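For reference, the structure discussed in these notes is given below.
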Amino acid sequence: MKILVAIKRVVDHNVRIRVRPDGTGVETTGVRLSMNPFCKHAVEAAVQLAEAGQGAASPTEIVIVSVGPKAATDVILTALAMGAHRGILIETDADLETLAIAKLLAKVVDEEQADLVLLGKQAVDDDSNHVGQMLAALTNRPQATFASEISIVGPALEVTREIDSGRQTLSLPLPAIVTADLRLNTPRNAALPMVMKARAKPLAVRPVAEFGVDLSPRLVIEKINPPAERAAGRTLGSVADLAAFIADDIAQMEAL
Amino acid sequence: MRVLVLADHDAGLLAPATARIVQGATALGAIDLLVVGDDIAAIAQSAAALAGVAKVLTGKGSLAADGLAARLAALAGDYDYVVASAGSVGKDVMPRLAALLDVMPVTDIVTILGPTRFERPIYAGNAVQTVTDNQPRHILTLRASAFRPAATGNTADIEALDSDIASLVTLLANHRTLSDTPDLATAQIVVGGGVALGSAENFQLIEKLAKRLGAAVGATRAAVDAGYAPNDWQIGQTGKIIAPDLYIAIGISGALQHLAGIQGAKKIVAINTDAEAPLVKLADVALIGDLFETIPQLIAELDKRGVTH
Ligand SMILES: Cc1cc2nc3c(=O)[nH]c(=O)nc-3n(C[C@H](O)[C@H](O)[C@H](O)COP(=O)(O)OP(=O)(O)OC[C@H]3O[C@@H](n4cnc5c(N)ncnc54)[C@H](O)[C@@H]3O)c2cc1C
Chain R
15 MKILVAIKRV VDHNVRIRVR PDGTGVETTG VRLSMNPFCK HAVEAAVQLA EAGQGAASPT
75 EIVIVSVGPK AATDVILTAL AMGAHRGILI ETDADLETLA IAKLLAKVVD EEQADLVLLG
135 KQAVDDDSNH VGQMLAALTN RPQATFASEI SIVGPALEVT REIDSGRQTL SLPLPAIVTA
195 DLRLNTPRNA ALPMVMKARA KPLAVRPVAE FGVDLSPRLV IEKINPPAER AAGRTLGSVA
255 DLAAFIADDI AQMEAL
Chain F
152 MRVLVLADHD AGLLAPATAR IVQGATALGA IDLLVVGDDI AAIAQSAAAL AGVAKVLTGK
212 GSLAADGLAA RLAALAGDYD YVVASAGSVG KDVMPRLAAL LDVMPVTDIV TILGPTRFER
272 PIYAGNAVQT VTDNQPRHIL TLRASAFRPA ATGNTADIEA LDSDIASLVT LLANHRTLSD
332 TPDLATAQIV VGGGVALGSA ENFQLIEKLA KRLGAAVGAT RAAVDAGYAP NDWQIGQTGK
392 IIAPDLYIAI GISGALQHLA GIQGAKKIVA INTDAEAPLV KLADVALIGD LFETIPQLIA
452 ELDKRGVTH
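Heads up: the sequence lines are chains R and F, in that order.
If you read the first sequence in my numbering, its first letter stands for residue 15, the second for the next number, and so on.
If you read the second sequence in my numbering, its first letter stands for residue 152, the second for the next number, and so on.
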């Protein structure tokens, strides 16, 4: 079995971002960047599936792919340290749209003939939640998004998804595409020896032009603004004051 | 301009989100509303009653993204826009549809500025993008909480699509959260609880206050991860986006991923032991105190005042 995991390097989720005053975007220079949290859950899921399949006739191979600048090799190394076997960086300094990313990944899925492709359900920078679904369309494979449980049952995959009304469990034939939600697992922190070993694993850096994909953007981002600020609040002295505030607010709601 | 909207439904009822998506999409053109599922006759009736709907289309079969996206792609030729709510079905199917049509979608729209200009939040709502979409066809998802519901009283025609919608995926089980509280994403009042509740049993205190106020129940990721609340109660960057008139946040610190889900709330109340918690700073009014004392007192005060909603 071969598992391909697509990962993204983003502004670290703990960073409080700053919108550039000229409206051109979010300040990323001098800001900590790391693997998108959802992608970490996808990598962990792949490693756990490989561990569960140990002793099988053919061992599971985990291939990591990322689209991004040269520096994105650091998140690929993190994934390799977690237990993946080799990495591919599709190198570009451009900020590509999700459709272009999905087209590049589709080429890799084709080359690698992966049985299972895992991705994070969304990246915490643009919050798009597109790429897994697009990749499933472009490779004509069934998909299970927002996964909180994954297991391989014979020739099929069983996935529990978190949805608006609770959860649902699906069975899908392989090859398939799955996107990871946060409750899927607890990603491991690679121990130092694993980090050292990761450096010896194969990591191919391939220029984006090699893939022959039209990457021109379809949308025009006019500007990026900070959200509207909320008015300053106040602290109440007692529970009775709070009950009065709530009563007033409900009365106003019902008057409308 | 012609608009195809995909309806959301659950447990045999049209989802409250759909009336809001229809209302939002009326700014774009005349709407055909597609309802997909099994046993959808009653849902189609509710759909036909929404103002702004020209025609309801019904499709028998699966909502799984592979088959649904393929069917939507086949229908899309007749429309300038295909629109869904940014709920779990819309998020699942619309990017797949967009890729089939070689279109870049615009998702999680909170403001429609014009036929091709939209606003969408990024970075957990800490920035807002203004996007122009000049593609010949537009694939959009809208956040239901950002739009008002359409009026009812319409009697649009209902037309069945000719063949069933099939999928490679089999549904093995549905684990629905049973609750008689209102729909979280569209509720007028929401009471949310954090990990400070300490147990699923204690979390009933939140539910009790919510019931008292006719409110929906929400939770933080930490509370859901700890098993105190079901996953579909999670509010935030990776949970539901709410925009109630009143949000009462109890024992919630206000991590930026949680705040991402509540920016549309008109009034925010925080109850917390920590006067420095980010949510206390953000709130319109805050009460500093132990929730295990203040919530029972608050319920008693509301009873005393005869407050109902
Ligand atoms: C990628 C990513 C996505 C995430 N998505 C989400 C999301 O969608 N939604 C979400 O909510 N979180 C999300 N999180 C998690 C988020 O970062 C926080 O960890 C979480 O919101 C904290 O939940 P909490 O407020 O319940 O817990 P805490 O941060 O631990 O806060 C508990 C609060 O309770 C107060 N308290 C304690 N005891 C009492 C008492 N007796 N009475 C009153 N107050 C008390 C404390 O002062 C504190 O403010 C995400 C995290 C990541 C990394």
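Don't be surprised by glycine CBs; every beta carbon is placed ideally from N, CA and C.
This structure is a prediction, so every number in the text was calculated from the model and none was measured.
query: S197/F Cβ short of 8 Å to ligand 1 heavy atom set; result: no
query: I238/R and R30/R closer than 9 Å at C-beta; result: no
query: G402/F beta carbon near ligand 1 (any heavy atom closer than 8 Å); result: yes
query: Chain F contact for F259/R (CB, 9 Å cutoff); result: yes
query: Beta carbon proximity, M152/F to chain R, threshold 9 Å; result: no
query: heavy atom of ligand 1 below 8 Å from R372/F C-beta; result: yes
query: Stretch pair the segment 413 to 425 of chain F + the segment 390 to 405 of chain F: three plus CB contacts closer than 8 Å; result: yes
query: Proximity test, Cβ basis, 9 Å: S318/F and chain R; result: yes
query: Beta-ladder partner(s) of N325/F, from DSSP; result: Q182/R
query: Near-chain R residues of the segment 251 to 262 of chain F - C-beta to any C-beta below 8 Å; result: L251, D253, V254, M255, P256, V257, T258 and D259
query: Selection of the segment 87 to 116 of chain R by Cβ proximity to chain F, strictly under 8 Å; result: E111, T112, L113 and A116
query: Contact test: L407/F Cβ vs ligand 1 heavy atom, cutoff 8 Å; result: yes
query: Rounded C-alpha distance that separates G241/F from P207/R; result: 43 Å
query: I386/F CB to nearest heavy atom of ligand 1 below 8 Å; result: yes
query: CB contact below 9 Å: S239/F versus chain R; result: yes
query: Residues of the segment 297 to 331 of chain F whose Cβ lies closer than 9 Å to any Cβ of chain R, in chain order; result: S318, L319, V320, T321, L322, L323, A324, N325, H326, R327, T328 and L329
query: Contacts around T328/F, its chain only, beta-carbon distance under 6 Å, and the 5 residues preceding and following it disregarded; result: P381 and D383
query: Min CB distance E224/R to chain F below 9 Å; result: no
query: Heavy atom of ligand 1 within 8 Å of A347/F beta-carbon; result: yes
query: Pairwise C-alpha distance: A411/F and G228/F; result: 35 Å
query: 8 Å contact criterion, which I340/F and D396/F should meet: CB distance rounded; result: 7 Å
query: Continuous beta strand (DSSP E) stretch holding K417/F: start and end; result: Taken as a continuous stretch (DSSP letters only), K417/F belongs to no beta strand (DSSP E), as it is neither H nor E.
query: Heavy atom of ligand 1 within 8 Å of A411/F beta-carbon; result: yes
query: Cβ neighbour criterion (16 or more within 10 Å) applied to M96/R; result: buried
query: Contacts around H165/F, its chain only, beta-carbon distance under 7 Å, and the 5 residues preceding and following it disregarded; result: According to the sequence shown, residue 165/F is Leu rather than His. Here the set comprises A158, I194, S197 and A198.
query: Integer Cβ distance of A156/F from A176/F, believed to fall under 8 Å; result: First, the residue type needs correcting, since residue 156/F is Val and not Ala in the sequence shown. Contact holds; Cβ gap of about 5 Å.
query: According to DSSP, residues forming a beta bridge with R268/F; result: G265/F and T283/F
query: Pair within 9 Å by beta-carbon distance, S318/F and D243/F; result: no
query: Segments of 3+ residues assigned as beta strand (DSSP E) that fall wholly inside the segment 65 to 100 of chain R; result: 75 to 82
query: CA-to-CA distance, L233/R to I90/R, given in whole angstroms; result: 29 Å
query: Simplified DSSP state of T193/R, which is helix, strand or coil; result: strand
query: Residue nearest to A302/F in terms of C-alpha spacing, selected from A170/F, I439/F and V154/F; result: A170/F
query: Closest by C-alpha distance to R220/R, when choosing among D129/R, V79/R, A242/R and P240/R; result: V79/R
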